[in-house]
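Please read the structure below before turning to the comments.
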Amino acid sequence: MIDIRMLREQPEVVKDNIRKKFQDHKLPLVDEVIQLDLTSRSIKQEADDLRANRNRISKEIGALMAQNKKEEAENKKAEVANKATLLLELEEKERELEEKITKIMMVIPNIIDSSVPIGKDDTENVEITKYGEPVVPDFEVPYHAEIMEDFNGLDLDSARKVAGNGFYYLMGDIARLHSAVISYARDFMIERGFTYCVPPFMIRSNVVAGVMSFAEMDAMMYKIEGEDLYLIGTSEHSMIGKYIDTIIPESELPQTLTSYSPCFRKEKGAHGLEERGVYRIHQFEKQEMIVVCKPEESHLWFDKLWKNTVELFRSLDIPVRTLECCSGDLADLKVKSFDVEAWSPRQKKYFEVGSCSNLGDAQARRLKIRINGESGKYFAHTLNNTVAAPPRMLIAFLENNRQADGTVRIPTALQPYMGGKTALS
RNA sequence: GGAGGAUUAGCGAAGCGGUCAUAACGCGGCGGUCUUGAAAACCGUUUGCCUUCACGGGCACGGGGGUUCGAAUCCCUCAUCCUCCGCCA
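Numbering follows our numbering, in which position 4 of the first sequence is assigned residue number 340; successive positions increment by one, without gaps.
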C-alpha cells in the first residue's frame, strides 16, 4: 500500500508505475481515489465541526446540571438532538468513503524500484548471474520421485489415502536428509548473525489481511473451521505479523530473523499438482529470513539476502542462477524481487527454489510497523527471502548430487547433519 | 473447559456518568538552575493518529459494538493477563 499523500501530490508517478506494470485497467482508480479522498476529507471536516459543537454543548449541560438548572439543560439537549441525525448521516458517509478508499488503495501497486526491468509477464524476467556450472551429465538423471523411491524414501500412495493428493510421506534417509537440510539452513543463517525464531503456525485474519491481498489469501490460505485462524503459507506471515502495531526504536534496527515453519498452501488455481512428485504440494517446510530496517538500508539488505541463498546452495554443490522479476510479474506489494533458481540436470533448465523480496514500506504501512527516530516516526521497510524449502529443495539436491551408479553424494557441509554419512546408497 | 479478578501514557498508579483526562500522583526520559565535574535538590518539559497554509478542531483509556446531551466510568462481545479447579506433551 502506498501513501495516499504521495498519490495526491504525484498522481502521474503513480499512473506511470501502473503503466510499467501493464495494469492499465487500474489507471482510472487513481483519479477516482483522489476524488473520494477530497470528498472524504471535507465530510470529515463537517462531521468534526458537529462533534466539536456537541462536545461544547454537553459541557454546558454538565455545568447547568451542577447548578440544578434543569429546564435550561433540557433546552440544550434539544439543541444537540437537532443535529444528531445529520451527524449520524455524515458518520455513515465517512465510513463508506473510507472503506472505498482503502479498497482502492489496497490494489494500487507499490512503486517499483527504478532498476526493475520492464516486462509483461514471467517470460520477460531477466537472468542476472549464474553461479556454478549447469552440468548435464552423460548418464540419465531420473525423475526426483524415482530417486527418492529408489531409497525407499517416498510414499505418495499412502499419503493420498491419508490426506489426498499433494501430500507425502518421506521415509528413512530421505526424511533424514530433509531434516538435515532444514537444520543446516538454520545454522547457516545463525552464523550470519540472524536470530533464530520458531513462530506461530496459525495466524488471525487481521494479520492475514495485512500481509496479502484477498485474492492471494483465497488461493493460498487454509482456514481453521470455527476459529478465527489460518494455517500460515510461509513463516513470513507470522514473522512480519510479530511487529504489527509496534514502534521500534531506531537503535534496535535492523531486525534480522531466520525462522523455521511448516507451510500450508491450497495451490488453488495453480496448474495442477504434480502427480508423482514433491514439486508443488500442500505442505512443506521452510527456513526463512526476514529483515525490518530503515528505508535507506533496504537496498543493501536486499543484496545481502539473496546472496545468502545463493551461497547456501553453492555450499551444497548445487548450481543456481538469480532471475529478476520484471515489472509485470512483480506482486503489487513488492518494490523489487529476485528468484533464486536451482539447476535441474534432468530437465536441463533452472527452476525456482527461493524468492527474495523488498516490500519497501508497503507492508509496514498496512501493519503499522514504525520506527522511532531522531527526526520523528516513520514507516519501516520489510524484506523476506527463502533460505531453503524442502522437499522441493531436495529435488535440486538429489538431481545434482546423484552419481552415475545411482548413489547420492553428501557434500561436506551437510555430512555432520547426516550422522557423518558421505553418500546415500 | 469451569469460577473469580484485571487491562488507563515508556513503567507504576489514581479516577468508577459531567471544570480530575489539555490523563492526578510517583518513577523513568529530555532541557535548565546550582556545581571544577557529578550526585542531591529545585524549575520546566515529555502519547499517538487524522484534518488545517495557519489558528484551531476531531479521534483514541485492551479491540469492536451499544445506552446517553455527555462514557475511562453503565451494558454486550472479543482478545489478553493473573488466581484457583479440571485436562494434557
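Cβ coordinates follow ideal geometry from the N, Cα and C atoms, glycine included.
Nothing here was measured: the structure is a model prediction, and the numbers come from that model.
Next on the checklist: Rounded to whole angstroms, what is the Cα-Cα separation between E410 and E425?
Outcome noted: 24 Å
Item to check | Reference G742; option with closest CA among L593, E482, T465, E660 | outcome: E482
Next on the checklist: Distance check for D486 and L750, CA to CA, integer angstroms please.
Outcome noted: 21 Å
Checklist entry - Unbroken alpha helix (DSSP H) runs of length 4 or more, entirely within the stretch 550-581: which are they? => result 550-556, 571-577
Checklist entry - CB G489 to CB L506, shorter than 8 Å? => result yes
Checklist entry - For the stretch 462-495, which segments carrying the alpha helix (DSSP H) assignment without a break, of at least 4 residues, lie completely within its bounds, in sequence order? => result 480-486
Checklist entry - Do Q623 and T592 come within 8 Å of each other at the CB atom, strictly closer than that value? => result no
Next on the checklist: Across the stretch 499-515 and the stretch 625-640, are there enough close Cβ pairs to call them in contact, namely three or more that are closer than 8 Å?
Outcome noted: no
Item to check | First and last residue of the uninterrupted beta strand (DSSP E) at V723 | outcome: 717-724
Item to check | Proximal residues to K380 (C-beta, below 8 Å), its chain only, five neighbours per side dropped | outcome: E430
Checklist entry - With contact counted as at least three CB pairs below 8 Å, one residue from each stretch, are the stretch 659-675 and the stretch 686-701 in contact? => result yes
Checklist entry - From D653 to E563, what distance separates their C-alpha atoms? => result 44 Å
Checklist entry - Taking the C-alpha atoms as reference points, what is the distance between V369 and S378? => result 14 Å
Checklist entry - Counting pairs of beta carbons, one from the stretch 727-735 and one from the stretch 465-481, are three or more of them closer than 8 Å? => result yes
Next on the checklist: Between C662, R682, N391, F620, which has its C-alpha nearest A511's C-alpha?
Outcome noted: F620
Next on the checklist: Per DSSP, what are the beta-bridge partners of K672 in this structure?
Outcome noted: N694
Item to check | Limits of the unbroken alpha helix (DSSP H) element including K314 | outcome: Since the displayed the chain opens at 337 and closes at 761, residue 314 lies outside it and no answer follows.
Checklist entry - Helix or strand or just coil, what does DSSP make of K704? => result coil
Checklist entry - Who are the near neighbours of K602 in its chain, counting only those whose CB is closer than 8 Å to its CB and skipping five residues on each side? => result A555, M556, M557, Y558, H618
Checklist entry - The alpha helix (DSSP H) spanning Y753 covers which residue range? => result Per DSSP, Y753 belongs to no alpha helix (DSSP H) and is neither H nor E.
Item to check | 6 Å Cβ shell around V534 - same chain, five flanking residues per side excluded | outcome: Y596
Checklist entry - Within the chosen definition, does the stretch 412-419 reach the stretch 383-394 through at least 3 CB pairs nearer than 8 Å? => result yes
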